[in-house]
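Below is one structure, written out as structure tokens, with a few remarks after it.
There are 2 protein chains.
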Amino acid sequence: MDTDSRIPTPPKESLGVLIGLVRAEIVRALEAEMTGRGINLRFTQFLIIKRLARLGPMRAGELARVVDLDCGAMTRQLDQLEHKGYLRRCPHAQDRRTLRIELTAAGDALWQQLGDCQQRVLKTAQRSLDASERAQLHDYLERVLHALRDKA
Amino acid sequence: MDTDSRIPTPPKESLGVLIGLVRAEIVRALEAEMTGRGINLRFTQFLIIKRLARLGPMRAGELARVVDLDCGAMTRQLDQLEHKGYLRRCPHAQDRRTLRIELTAAGDALWQQLGDCQQRVLKTAQRSLDASERAQLHDYLERVLHALRDKA
DNA sequence: GCATATTATTTGCCTTGACAAATATAGCCG
DNA sequence: CGGCTATATTTGTCAAGGCAAATAATATGC
Numbered sequence: 036m037d038t039d040s041r042i043p044t045p046p047k048e049s050l051g052v053l054i055g056l057v058r059a060e061i062v063r064a065l066e067a068e069m070t071g072r073g074i075n076l077r078f079t080q081f082l083i084i085k086r087l088a089r090l091g092p093m094r095a096g097e098l099a100r101v102v103d104l105d106c107g108a109m110t111r112q113l114d115q116l117e118h119k120g121y122l123r124r125c126p127h128a129q130d131r132r133t134l135r136i137e138l139t140a141a142g143d144a145l146w147q148q149l150g151d152c153q154q155r156v157l158k159t160a161q162r163s164l165d166a167s168e169r170a171q172l173h174d175y176l177e178r179v180l181h182a183l184r185d186k187a
Numbered sequence: 036m037d038t039d040s041r042i043p044t045p046p047k048e049s050l051g052v053l054i055g056l057v058r059a060e061i062v063r064a065l066e067a068e069m070t071g072r073g074i075n076l077r078f079t080q081f082l083i084i085k086r087l088a089r090l091g092p093m094r095a096g097e098l099a100r101v102v103d104l105d106c107g108a109m110t111r112q113l114d115q116l117e118h119k120g121y122l123r124r125c126p127h128a129q130d131r132r133t134l135r136i137e138l139t140a141a142g143d144a145l146w147q148q149l150g151d152c153q154q155r156v157l158k159t160a161q162r163s164l165d166a167s168e169r170a171q172l173h174d175y176l177e178r179v180l181h182a183l184r185d186k187a
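Chains A and B supply the protein sequences, listed in that same order.
So the first sequence is numbered by the numbering used here: it starts at 36 and just counts up by one.
So the second sequence is numbered by the numbering used here: it starts at 36 and just counts up by one.
Right, here's the structure in full:
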């Protein structure tokens, strides 16, 4: 009897799945946008450049935290981006354990282009939402994020 | 002069980043929930079990598509889940190229628990949204997903 | 001031997933 | 039927990320 009551899943996806799908599409779209301009970067690297451009020079571990990446993984990404000439590891004045990561001129120039890529993707993603809906989506997501983080 | 005009990023995260953060937290929370019950599964494996439980037996490639996973990766996940006894690869009656993947009794039993894990995570994630806000968030995300997929 | 604890980064190892080539089977057309 | 094409799964290979150990440097307690 109760096996019949198990509906074969109506349309609704769970929030986790849905968000995963949206994220995957955003990543794909952004990488395609970069490739289309001859920029050969992964999404993670895009995030690193973006953070540095927006927040300015910072320590490696700090950067890892803001892009939600493991420190070891960050080291390797920095290797690549430094090798490509987009950023620089500078010694920290007061603390020789830490590195001050900063964009080079080439990195700044790159961000000009990446910013355009991002804008185009966001525009596509949000094209069926009006301004107030966009704001609301943003607000909801932030509330969900806080709810998950402050488990209290 | 114009270096001063660069504001150190106001509060707003871009949609892509924000969604990524939310997803990462959901994955972490769900895996923690499973670990807490002695269930040793990754998020991807959770998705596979969930799909099979909800949609019933299906072909391997079909399963790969619905969980947004590469076919090769799916093969290896199936290896693991089959070895753990949660599912079975059955020959397909009409087409011997294809596999019919189905949950075992142990897999069904597992889903009982996983469903609870999922419910708890969703409840936490959405606890600061009321029913209509949850529905709206869902709707917005689906619209964003469609906007990204139908690039037309 | 020296030993110990702490913090920041790097490195090693392992797992996962993407992509492409290999394999197996089915479908189609002559 | 026999060959060609298409489809489903598997396997090989590689890059990326997580975690833990190693390394380097600072901070603290005695």
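Every residue, glycine too, gets a C-beta built ideally from N, C-alpha and C.
Q: Look up A/I136 in the DSSP assignment and say whether it is helix, strand or coil.
A: DSSP, reduced to helix, strand and coil, places A/I136 within a strand of the structure shown.
Q) At which residues does the alpha helix (DSSP H) containing B/L122 begin and terminate? A) Here B/L122 belongs to no alpha helix (DSSP H); instead the beta strand (DSSP E) covers L122 to P126.
Q: Give every residue of the same chain whose Cβ lies closer than 7 angstroms to the Cβ of B/A160, excluding the five residues on either side of it in the sequence, and list them in chain order.
A: Here the set comprises I61.
Q.
For a quick check, are the C-beta atoms of A/L138 and A/L149 less than 8 angstroms apart?
A. Against a cut-off of 8 angstroms, the Cβ pair of A/L149 and A/L138 comes out as no contact.
Q) Taking the DSSP output, what are the residues bridged to B/M93? A) According to DSSP, which records beta bridges pairwise, B/M93 is partnered with B/I136.
Q: If I'm right that A/Q154 touches A/L65 with Cβ under 8 angstroms, what's the distance once you round it to whole angstroms?
A: So it is not a contact: roughly 11 angstroms between Cβ atoms.
(Q) Between B/E97 and chain A, is the shortest Cβ-Cβ distance under 8 angstroms, so that the two count as touching? (A) Output row for B/E97: interface = no.
Q) For B/S163, does the three-state DSSP call read helix, strand or coil? A) Correct three-state label for B/S163: coil.
Q) What in chain B is Cβ-close to A/E66, meaning under 7 angstroms? A) Simply none; closest approach about 11 angstroms.
**Q.** Among B/Q115, B/P92 and B/L98, the one whose alpha carbon lies nearest that of B/R77
**A.** The shortest Cα separation from B/R77 among B/Q115, B/P92 and B/L98 belongs to B/Q115.
Q.
Quick check on B/D173 - is its C-beta less than 8 angstroms from some C-beta in chain A?
A. Before going on, a small fix: residue 173 of chain B reads as His here, not Asp. True, the Cβ-Cβ gap to chain A drops below 8 angstroms.
Q) Are the C-beta of B/L157 and some C-beta of chain A separated by less than 8 angstroms? A) Yes, contact with chain A.
**Q.** Which listed residue (B/D151, B/L90, B/E117 and B/L56) has its alpha carbon closest to that of B/T70
**A.** Residue B/D151 is the option with its Cα nearest to B/T70.
(Q) On the CB-based measure, 16 or more other CB atoms within 10 Å of its CB, does B/A99 come out buried or exposed? (A) The Cβ neighbour count for B/A99, taken over all protein chains shown within 10 Å, is at least 16; the residue is labelled buried.
(Q) Less than 8 angstroms between the beta carbons of A/I54 and B/I83, yes or no? (A) If you check the CB distance, A/I54 and B/I83 do not come in under 8 angstroms.
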